[in-house]
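**Student:**
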Amino acid sequence: MLARLLLTIFLSIYSINVSALENCKWDNRKGVPCLTVSKTPNTSIFNEKNINKKVINKQDIIDSGAIDTNDVFKFISGLDVFQSGQKGQQTSIFTRGSESNHTLVLLNGIAINDQSVTDGLHDFGQDFVQTIQQIEIYKGSSGAHFGPSAIGGAINFITDIDYTNSYSVSGFEKENISADTNYTKITENGWHLNFKGSVTQAKTNSSIAKGNEKDGTENFQVNLNSIKWIKDDLKFKSTIYSRKTKADYDGSATNEEGFISDNNMYALQSGFEHRSKNSESNLIFHYHNYDREYTNGTNGYLDEYDSESLVIKAETSIKQTRKLSFGYGSEYKYDWGAFENRGSYTASTKGHMKNLGIFANTGYKFNSNQSFSVYARSDNHNTTGRNETYKINFTQILGQLKLSGTHSTGLRNPSLYELYGSDNYGIGGNINLNPEKSETNELFGEYSFSKNLKFTSTAYRSKIFDRIESNAAYSKHENMLTNLNQEGLESELLFNGKNQNITLFTNFSKSRKPNGQAQNRRPDLSYGANYTRKLDSNVYGPFKLNLNYKYTGKQTDYVGGNFRQKSTDLVDLSINKNLYGNVISFNITNLLNERYEKPATYSQDGRQFRIGFRKLY
1 MLARLLLTIF
11 LSIYSINVSA
21 LENCKWDNRK
31 GVPCLTVSKT
41 PNTSIFNEKN
51 INKKVINKQD
61 IIDSGAIDTN
71 DVFKFISGLD
81 VFQSGQKGQQ
91 TSIFTRGSES
101 NHTLVLLNGI
111 AINDQSVTDG
121 LHDFGQDFVQ
131 TIQQIEIYKG
141 SSGAHFGPSA
151 IGGAINFITD
161 IDYTNSYSVS
171 GFEKENISAD
181 TNYTKITENG
191 WHLNFKGSVT
201 QAKTNSSIAK
211 GNEKDGTENF
221 QVNLNSIKWI
231 KDDLKFKSTI
241 YSRKTKADYD
251 GSATNEEGFI
261 SDNNMYALQS
271 GFEHRSKNSE
281 SNLIFHYHNY
291 DREYTNGTNG
301 YLDEYDSESL
311 VIKAETSIKQ
321 TRKLSFGYGS
331 EYKYDWGAFE
341 NRGSYTASTK
351 GHMKNLGIFA
361 NTGYKFNSNQ
371 SFSVYARSDN
381 HNTTGRNETY
391 KINFTQILGQ
401 LKLSGTHSTG
411 LRNPSLYELY
421 GSDNYGIGGN
431 INLNPEKSET
441 NELFGEYSFS
451 KNLKFTSTAY
461 RSKIFDRIES
471 NAAYSKHENM
481 LTNLNQEGLE
491 SELLFNGKNQ
501 NITLFTNFSK
511 SRKPNGQAQN
521 RRPDLSYGAN
531 YTRKLDSNVY
541 GPFKLNLNYK
551 YTGKQTDYVG
561 GNFRQKSTDL
571 VDLSINKNLY
581 GNVISFNITN
591 LLNERYEKPA
601 TYSQDGRQFR
611 IGFRKLY
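All residue numbers for the sequence shown refer to my numbering, where the first residue is 1 and numbers rise by one.
1. By the 10 Å Cβ neighbour count, where 16 or more other Cβ atoms means buried, how is Asn-282 classified, buried or exposed?
2. Grouping DSSP H, G and I as helix and E and B as strand, with all else coil, what is Ala-144?
3. To the nearest angstrom, how far is the alpha carbon of Leu-21 from that of Glu-594?
4. How would you call Thr-406, buried or exposed, if buried means at least 16 neighbouring beta carbons within 10 angstroms?
5. One question on the structure: do Lys-54 and Glu-280 come within less than 8 Å of each other, judged by their Cβ atoms?
6. What does the alpha-carbon distance come out to for the pair Leu-489 and Ala-150?
7. Which residues does DSSP list as the beta-bridge partners of Leu-411?
8. For Asp-80, I'd like the list of residues in its chain whose CB is within less than 6 Å of its CB, leaving aside the five on either flank, ordered along the chain.
9. Unbroken alpha helix (DSSP H) runs of length 4 or more, entirely within the region 330-410: which are they?
10. Take the Cβ of Thr-389 as the centre, count every other Cβ of all protein chains shown within 10 Å, and call the residue buried at 16 or more, exposed below.
11. So, at 6 Å on beta carbons, what are the nonlocal neighbours of Phe-82 in its own chain, with the 5 sequence-adjacent residues on each side left out?
12. For Phe-259, is the classification buried or exposed, using 16 other Cβ atoms within 10 angstroms of its Cβ as the cut-off for buried?
13. In whole angstroms, give me the CA-to-CA distance for Ile-155 and Tyr-617.
14. Start and end of the alpha helix (DSSP H) containing Thr-167?
15. What residues in its chain sit with their C-beta under 7 Å from that of Gly-112, if we drop five residues either side in the sequence?
16. Between Gln-130 and Ile-67, what straight-line distance do the alpha-carbon atoms span, to the nearest angstrom?
17. What's the call for Thr-349, buried or exposed, on a 16-neighbour Cβ count within 10 Å?
18. Please state whether DSSP places Thr-118 in a helix, a strand or coil.
19. Quick check on Leu-21: does DSSP put it in helix, strand or coil?
20. Could you round the C-beta distance between Ser-404 and Phe-366 to whole angstroms and report it? I think they count as a contact, below 8 Å.
21. Is there a Cβ from chain D that is less than 8 Å from the Cβ of Asp-536?
22. Can you check the region 69-102 for any alpha helix (DSSP H) of at least 4 residues that lies completely inside it and give the ranges in chain order?
23. Cα separation between Asn-225 and Tyr-183?
24. Where does the unbroken beta strand (DSSP E) through Ile-575 begin, and where does it stop?
25. Any idea what DSSP makes of Ser-188, helix, strand or coil?
26. Taking the C-alpha atoms as reference points, what is the distance between Asp-466 and Lys-277?
27. Classify Lys-58 as helix, strand or coil using the three-state DSSP reduction.
28. Please report how far the alpha carbon of Trp-336 lies from the alpha carbon of Thr-316, in whole angstroms.
29. Helix, strand or coil: which one does DSSP assign to Tyr-602?
30. Kindly list the residues whose CB is nearer than 7 Å to the CB of Lys-513, restricted to its own chain and excluding five residues on each side of it in sequence; keep chain order.
31. Exposed or buried, what is Phe-75 when buried is set at 16 or more other beta-carbons lying within 10 Å of its beta-carbon?
32. By the 10 Å Cβ neighbour count, where 16 or more other Cβ atoms means buried, how is Arg-292 classified, buried or exposed?
33. For Pro-542, which beta-bridge partners are listed by DSSP?
34. On the criterion of 16 or more Cβ atoms from any shown chain inside 10 Å, does Lys-498 qualify as buried, or is it exposed?
35. Looking only at its chain, what residues have a beta carbon closer than 6 Å to the beta carbon of Ser-422, apart from the 5 residues adjacent to it on each side?
36. Beta-carbon separation of Leu-547 and Leu-525 under 8 Å?
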């Protein structure tokens, strides 16, 4: 019944008889390299430009020398990254002071949060970026666009085809190396076939601050993409994504034996895209699986966590008139998980959940300077029932000044583990949990001093209701009756010149418990700068310089007790030199050799040097 409904929606959209839409990404039969551009789901055509979206493309990743997501996100305003040790270790991201499980993670627009994780958060420590074509960061409540769990924001990993064939190798210190390759072929019958692969080995000092054991990480990724134009206005797309990560985990601040983690993730995504003069539509089938095993280094106990997700999604957006656009669609998601613990607490359980989301939006342009949009979504969950989220936005342009006000709501359904989890370490699941909910108000301003220089600022305030926490007294997860309050002011000064780009940013943020106490791992202040420059030397020829700096203020943390973490100043430098069509790179991470723990008792890398070579063919 559901599949029939989705197919009917898609065919009704496809029947609109209008001419083909021309652009680089769509009409790219010859495989010309072009910047990946994706449309935000459930977004009015008129108001796509009003979405708070930061795009990091493949070239940005290469220029920065980034290997994993920690390298990318640690210099982004409004994101606070906590990695429990070296590369491959547990990594959490707090977006605008929200909880780490309030950032929804997507693969080509489809949610891929691991539901077998205790609270449904995404472990960014497993994400290495060599096979990613583009990363999109959405800050602020995004539930009406993406669905449940996007209370603080969303991060979308894009795996589109890269038409620049290449391979690269980089290394730092003697036991750390990374290599990746990209190859694309266009067949005689019109198939675009793309292979991306990468392998990373990192072995550095112990994750715990005073440890002596070297912790290691091995990561292997394969990404297969294919595109086939069925007609001029219809094409088929498919992605196969595989990731395998093996890492050493320290058990605690005093236990270096810890665990060995084997974390495998597989995803298959395919579907159809249709574009016309006035419409865009998609029909997507998605499946992903997580298979995680943790072997205790002391006693050999094995804990297993498995989850599977199936998604069917159809959506469209239509430009009805010069002033009116609208969109609609639906998304069905089925999750299954199993947990087995053989440690101090021996227990096992399994469960499933399903959710049907129906969404719609409309945008209206009063004139060239005024626009209004409404986004609405209804989710029907098998345990929490039906819940609605919405977003209302009004934008006004006054000469060089642009103002935008937004009111939105969000929700996070309990994870499979929170619903059905075994009595792991004394905390079990609770089938009667209600979803977490939020209300957010934002005021955005942008002033353009010139075509190259502009200033942006966003003031926001959020309230979180019915938050889910573990209650040791009752040995289960429960909804808390008290609310959380979050507010902040995020500002950027951006200069885009012919040969250089400069971004200066500040972020004031407060995330408070009902008693006024600051939440752990939420700094009140951060600021920094991103600088890129193309240079041309008479001796050495053209090269590109990237410099990133971020100050993060003091924050509280809790690892066996309350700690007040010191402020940090982090600087990364990268230089890329074109040589006969190839690229030689030189990177220094943590240039100032800052010694710090984030989180408490988990040491981070000091200064590291890395040299890389990229061959284009």
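For glycine and all other residues, C-beta sits at the position ideal for the given N, C-alpha and C.
**Tutor:** In brief:
1. Buried.
2. helix
3. Note that Leu-21 has pLDDT 32, beneath the 50 cutoff, so the model's placement of it is unreliable and the number below is only indicative. So the alpha carbons of these two residues sit roughly 51 Å apart.
4. buried
5. no
6. 20 Å
7. Lys-437
8. If we look at Asp-80 and ignore the five residues flanking it on each side, its Cβ neighbours are Phe-94.
9. none
10. buried
11. Ser-92, Arg-521, Lys-598 and Pro-599
12. When all chains shown are included, Phe-259 counts as buried.
13. 31 Å
14. Looking at the sequence provided, one finds Tyr at residue 167 rather than Thr. Element bounds for Tyr-167: not the alpha helix (DSSP H) but the beta strand (DSSP E), 166-171.
15. According to the sequence as given, residue 112 is Ile; it is not Gly. Excluding sequence neighbours, Ile-112 sits near Val-105, Leu-106, Ala-267 and His-288.
16. Rounded to the nearest angstrom, the two C-alpha atoms are 7 Å apart.
17. buried
18. coil
19. At Leu-21, the pLDDT of 32 sits below 50, so the modelled position is not reliable; the number obtained from the coordinates is stated separately. Leu-21 falls in the coil class under three-state DSSP.
20. Contact flag wrong, Cβ pair sits at about 14 Å.
21. The structure shown contains no chain D; it holds only a single protein chain.
22. 69-73
23. 10 Å
24. 568-579
25. A small correction: the amino acid at residue 188 is Glu; Ser does not occupy that position in the sequence shown. Glu-188: coil per DSSP, three-state reduction.
26. 45 Å
27. Three-state DSSP puts Lys-58 in a helix.
28. 28 Å
29. strand
30. Closer than 7 Å at the Cβ level, and outside the excluded window around Lys-513, lie Leu-484 and Gln-519.
31. buried
32. A buried status is given to Arg-292, since no fewer than 16 other beta-carbon atoms sit within 10 Å of its beta-carbon.
33. Asp-536
34. exposed
35. Cβ neighbours of Ser-422 beyond the five flanking positions: Phe-339, Asn-341, Ala-347, Ser-348 and Thr-349.
36. no
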